[in-house]
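Peer 1:
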Amino acid sequence: MAQLKILVVDDEPGIRSGVSRILGNFHVTYPFMDEDYTFNILEAATGEEGIEIIDREMPDILLLDNKLPGIQGVEVLEYVRKKNYDIVVAMITSYASIDVAVKAHNDGAIDFIPKPFTPQELKASVEQITKQQYLRRITHKLKVEGRKVRFQFLSVLSHELKAPLNAIEGYLRMMQERQMGDSLDEYSSAIERSLQRIESMRNLIMDLLDFTKVNFERQMEKMQNVNLRELVSMAVGTVSPYAIHKDIHFVTEVGGCETIWADPNDFEIILNNLVSNAVKYNKPGGTVSVKVDCNENEFTVSVADTGIGMNGDERDMLFEEFSRIRNDKTRNISGSGLGLSIVKKVVDLYHGVINVESTPDRGSVFTVIIPRSQVSNIKTGI
Amino acid sequence: MSKVYTILLADDDPDYLFQVAFYLRKAGFEVMAVESQAEAEQVIAKMKPDMAVFDLMMESDDSGFILCYKLKRKYPEVPVILATAVSRETGITFGLSGGQDREWIRADLYLEKGVRPEQLEQEIRKLLKI
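Protein chains in written order, with this note's numbering: chain A, 1 to 382; chain B, 1001 to 1130.
1) Could you please give the first and the last residue of the uninterrupted alpha helix (DSSP H) stretch that includes A:Asp55?
2) Whole angstroms are fine: how far does the CA of B:Leu1071 sit from the CA of B:Glu1077?
3) Would you list, in chain order, the members of the region 189-215 of chain A that have their beta-carbon closer than 7 Å to a beta-carbon of chain B?
4) Please state whether DSSP places B:Glu1121 in a helix, a strand or coil.
5) Count the C-beta pairs between the region 303-311 of chain A and the region 361-372 of chain A that are closer than 8 Å, then say yes if the count reaches three, no if not.
6) Which residues in the same chain have their Cβ closer than 7 Å to the Cβ of A:Ile41, if we skip the five residues on either side of it in sequence?
7) Could you tell me the alpha carbon to alpha carbon distance between B:Leu1111 and B:Ala1083, rounded to whole angstroms?
8) Please check the pair A:Leu64 and A:Val76, which I expect to be a contact at CB under 8 Å, by giving their CB distance rounded to whole angstroms.
9) Can you tell me whether A:Thr118 is buried or exposed, with buried defined as 16 or more other CB within 10 angstroms of its CB?
10) On the CB-based measure, 16 or more other CB atoms within 10 Å of its CB, does A:Asn277 come out buried or exposed?
11) Can you tell me whether B:Ile1007 is helix, strand or coil according to DSSP?
12) What are the boundary residues of the beta strand (DSSP E) that includes A:Gln445?
13) Can a CB atom of chain B be found closer than 9 Å to the CB of A:Asn311?
14) Between A:Val368 and A:Asn273, how many whole angstroms is the CB-CB distance? I'm expecting something under 8 Å.
15) Looking at the strands, I want to know which residues DSSP matches up with A:His245.
16) B:Asp1055 and B:Ala1021: beta carbons closer than 9 Å?
17) Taking 8 Å as the threshold, find out whether the region 240-258 of chain A comes into contact with the region 284-292 of chain A through three or more Cβ pairs.
18) Is B:Lys1113 close to chain A? Criterion is C-beta to C-beta, closer than 9 Å.
19) Would A:His159 and B:Met1057 be called neighbours here (beta carbons separated by less than 9 Å)?
20) What are the boundary residues of the beta strand (DSSP E) that includes B:Val1115?
21) Measure from the alpha carbon of B:Pro1014 to the alpha carbon of each residue in A:Leu228, A:Leu195, A:Ala167, then state which is nearest.
22) What separation, rounded to the nearest whole angstrom, lies between the Cα atoms of A:Ala190 and A:Leu135?
23) Report the residue from A:Phe26, A:Thr38, A:His27, A:Thr29 whose alpha carbon sits nearest the alpha carbon of A:Gln3.
24) Taking 8 Å as the limit between beta carbons, can you name the residues of its chain near B:Leu1109, skipping five residues before and five after?
25) On the DSSP bridge assignment, give the partners of A:Gln40 in chain order.
26) For A:Lys280, is the classification buried or exposed, using 16 other Cβ atoms within 10 angstroms of its Cβ as the cut-off for buried?
27) Whole angstroms is fine: what's the gap from B:Lys1113's alpha carbon to A:Glu52's?
28) My assumption, with CB atoms under 8 Å, is that B:Pro1117 sits in contact with B:Tyr1005. Please give the rounded CB distance.
29) Suppose you measure from the CA of A:Asn106 to the CA of A:Ala90; what does that come to, to the nearest Å?
30) Given a threshold of 16 other Cβ atoms within 10 Å of its Cβ, counted over all protein chains shown, does A:Arg141 qualify as buried or as exposed?
31) Does any C-beta atom of chain B lie closer than 9 Å to the C-beta of A:Ala104?
32) Over the uninterrupted beta strand (DSSP E) stretch that includes A:Val288, give me the two end residues.
33) Can the beta-carbon of B:Ile1044 be found closer than 9 Å to that of B:Leu1067?
34) Look at the alpha carbon of B:Glu1089 and the alpha carbon of A:Arg178, and state the distance between them as a whole number of angstroms.
35) My output table needs one value for B:Gln1100: the three-state DSSP class, helix, strand or coil.
Shown next, in the form of structure tokens:
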């Protein structure tokens, strides 16, 4: 239950007590609202008193008579607008002249309640106003959050892109100024580090491309029968040079159906990321098990490794953009911090879920479950 | 023989850390280079550096602030430089002119992270009054 404050500004005591009585036990529900709204009614007999209460109590809704003994209703309205208060205003009026109506409307009054009104009319108006206020606030909130998310994304992104550039620039300057001596041999670790930073920057850019693809390029004509066996062997193939280097073995198992109706790009992103993480965060000599299974209801991919694992806190931040688990074990592993957030996005697109089980130093299992009925009915865009 | 000053340097970018440490050592400073807030805290617990240079974002977004605070609480007289790339990238500014910010951040100087090592050295010398 949430409560909205309504201020009635009217010089007729009968109207004020009428509003209080009618709205006192009224509540508004709306399918999109999280909770019902009830009302707390405040009363003012004059515009001056109204303004005082507005400043003090900050009501959500203002029911305003225009013809008042001192300052007029429209002046109160003007005050609210000038102060930029988040208050929805409706005029209660028996004989609004066109002028007043236009002025009030221009100043942001969203409704006119004719006087005298029946309880039903008042309730209908207040219900309308409440919904409008609710939508306004929600839209505002979403806009602010959206802006915040984009802002964070871009600032972190530029940080992640600039850091390697700074590092490489620093090493080049050291060489240019011969800071470590004249022999090229002295600089071999600087060169090696520069190459590593370039490599990780390249990975970040590739991941970013994936990221934008997931966001914008959802096209139905890309949907096709994707061969699961091929998908798995491709994901394993991509990472195998690295796996051989770390002496990591693969166990793959494809059961259930042979194909799935999907955008192959999406499933490549899911498998490639999970499989390459399973290698990256594995221990030398470890194992990666890739299991793909499906029945008539759902499609399941599970990728298990015998690697460094993670604790609960680390698991909680796993799917956030640019979140990378930083500890001694991950220090020398490069990553963009985008991979799993991309996987999550794709899985969401297919109304699926992704689960993680993990034990520090024992390994992790990532399981993606996608309902098959949804694969042909994916969300378009985000 | 003049005094050798010890600088505590914390930055989670190993390359940047290496480069700055290398430069400052060449310039005659003793450098304790650490890669995390946690390691820096261990150093602060054990010894008193003559000067500290902290990166802002390490394990958490405000690691540098926390380190400033902890160092200043233990050794109020040790100057601290907070180096970060945040403001150039986000437009968020928190220079140290306002009294309130100074109270909160507790750094003596705030520097952009892309700053050249020579300039960093100059600022360090200014703060150490050498």
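Glycine is no exception: its CB is placed at the ideal position from the N, C-alpha and C atoms.
Peer 2: In brief:
1) Position 55 of the first sequence, counting from 1, holds the residue named residue 55 of chain A. From DSSP, the alpha helix (DSSP H) with A:Asp55 extends over 47-57.
2) Along the second sequence, read from residue 1 onward, the residue named residue 1077 of chain B stands at position 77. Along the second sequence, read from residue 1 onward, the residue named residue 1071 of chain B stands at position 71. Spanning the two alpha carbons is a distance of roughly 9 Å.
3) If you check each beta-carbon in the region 189-215 of chain A against every beta-carbon of chain B, the ones closer than 7 Å belong to Arg193, Arg197.
4) As a first step, residue 1121 of chain B is located in the second sequence; it is residue number 121 there, counting from the start. Helix at B:Glu1121.
5) Counting Cβ pairs under 8 Å, three or more are found: they touch.
6) Counting from 1 along the first sequence, the entry for residue 41 of chain A is found at position 41. The answer, listed in chain order, is Ile6, Val8, Val19, Ser20, Leu23, Gly24.
7) Here the question's residue 1111 of chain B lines up with position 111 in the second sequence. Here the question's residue 1083 of chain B lines up with position 83 in the second sequence. As the crow flies, the alpha-carbon of B:Leu1111 is around 5 Å from that of B:Ala1083.
8) In the first sequence, residue 64 of chain A corresponds to position 64, counting from 1. In the first sequence, residue 76 of chain A corresponds to position 76, counting from 1. Confirmed, Cβ separation roughly 6 Å.
9) Counting from one through the first sequence, the residue named residue 118 of chain A turns up at place 118. Classification of A:Thr118: exposed, given that the 10 Å Cβ count is below 16.
10) As a position in the first sequence, residue 277 of chain A is number 277, starting the count at 1. Counting Cβ neighbours within 10 Å, A:Asn277 comes out buried, since at least 16 surround it.
11) Residue 1007 of chain B sits at position 7 when you count from the first residue of the second sequence. Strand at B:Ile1007.
12) This structure cannot speak to residue 445 of chain A, because chain A is shown only from 1 to 382.
13) Here residue 311 of chain A refers to the residue found at position 311 when the first sequence is read from its first residue. Not closer than 9 Å to any Cβ of chain B, the Cβ of A:Asn311 fails to qualify, so no.
14) As a position in the first sequence, residue 368 of chain A is number 368, starting the count at 1. As a position in the first sequence, residue 273 of chain A is number 273, starting the count at 1. Not a contact, Cβ separation roughly 10 Å.
15) Here residue 245 of chain A corresponds to residue number 245 of the first sequence, with the count starting at 1. Residue pairing by DSSP leaves A:His245 without any beta bridge partner.
16) Working through the second sequence from its first residue, we reach residue 1055 of chain B at position 55. Working through the second sequence from its first residue, we reach residue 1021 of chain B at position 21. Not a contact, by the Cβ cut-off of 9 Å.
17) Of all C-beta pairs linking the region 240-258 of chain A to the region 284-292 of chain A, three or more are shorter than 8 Å, placing the two stretches in contact.
18) Against the second sequence, residue 1113 of chain B aligns to sequence position 113. Closer than 9 Å to some Cβ of chain A, the Cβ of B:Lys1113 qualifies, so yes.
19) The residue labelled residue 159 of chain A in the question sits at position 159 within the first sequence. The residue labelled residue 1057 of chain B in the question sits at position 57 within the second sequence. With respect to the 9 Å criterion, A:His159 and B:Met1057 are classified as neighbours on the basis of their beta carbons.
20) Locating residue 1115 of chain B in the second sequence gives position 115, counting from the first residue. Element bounds for B:Val1115: n/a, residue is neither H nor E.
21) For this step, residue 1014 of chain B is matched to residue 14 along the second sequence. Restricting attention to A:Leu228, A:Leu195, A:Ala167, the CA atom closest to the CA of B:Pro1014 is found in A:Ala167.
22) Here residue 190 of chain A corresponds to residue number 190 of the first sequence, with the count starting at 1. Here residue 135 of chain A corresponds to residue number 135 of the first sequence, with the count starting at 1. Taking the straight line from one Cα to the other gives about 56 Å.
23) In the first sequence, the residue the question calls residue 3 of chain A occupies position 3. Taking each of A:Phe26, A:Thr38, A:His27, A:Thr29 in turn and checking the Cα distance to A:Gln3, the smallest one comes out for A:Thr38.
24) The residue labelled residue 1109 of chain B in the question sits at position 109 within the second sequence. Counting only residues of its own chain and dropping the five nearest sequence neighbours on each side, B:Leu1109 has a CB closer than 8 Å to the CB of Pro1079, Val1080, Ile1081, Leu1082, Leu1096, Glu1123, Leu1127.
25) Along the first sequence, read from residue 1 onward, the residue named residue 40 of chain A stands at position 40. In the sequence as presented, Gln is not what sits at residue 40 of chain A; that position holds Asn. DSSP lists A:Lys5 as partners of A:Asn40.
26) Taking the first residue of the first sequence as 1, we reach residue 280 of chain A at position 280. Label assigned to A:Lys280: buried.
27) The count along the second sequence starts at 1 and reaches residue 1113 of chain B at position 113. The count along the first sequence starts at 1 and reaches residue 52 of chain A at position 52. Spanning the two alpha carbons is a distance of roughly 50 Å.
28) Position 117 of the second sequence, counted from the start, is the residue given in the question as residue 1117 of chain B. Position 5 of the second sequence, counted from the start, is the residue given in the question as residue 1005 of chain B. Wrong, their Cβ atoms sit about 16 Å apart, outside the cutoff.
29) The residue given as residue 106 of chain A occupies position 106 in the first sequence. The residue given as residue 90 of chain A occupies position 90 in the first sequence. Going by the C-alpha atoms only, they are around 12 Å apart.
30) Locating residue 141 of chain A in the first sequence gives position 141, where the first residue counts as 1. It is worth fixing the name first, because residue 141 of chain A is Lys in this sequence and not Arg. When all chains shown are included, A:Lys141 counts as exposed.
31) In the first sequence, the residue the question calls residue 104 of chain A occupies position 104. Not closer than 9 Å to any Cβ of chain B, the Cβ of A:Ala104 fails to qualify, so no.
32) Position 288 of the first sequence, counted from the start, is the residue given in the question as residue 288 of chain A. Element bounds for A:Val288: 287-294.
33) By 1-based counting over the second sequence, the position of residue 1044 of chain B is 44. By 1-based counting over the second sequence, the position of residue 1067 of chain B is 67. By the CB criterion at 9 Å, B:Ile1044 and B:Leu1067 fall inside the cutoff.
34) Taking the second sequence and counting its residues from 1, one reaches residue 1089 of chain B at position 89. Taking the first sequence and counting its residues from 1, one reaches residue 178 of chain A at position 178. Summary for B:Glu1089: the model assigns pLDDT 43, below 50, so the residue's position carries little reliability, and this model does not support an answer.
35) Position 100 of the second sequence, counting from 1, holds the residue named residue 1100 of chain B. Since pLDDT at B:Gln1100 reaches only 45, below the 50 mark, its modelled position is unreliable, and the value read off the structure follows with that caveat. Here B:Gln1100 sits in helix by DSSP.
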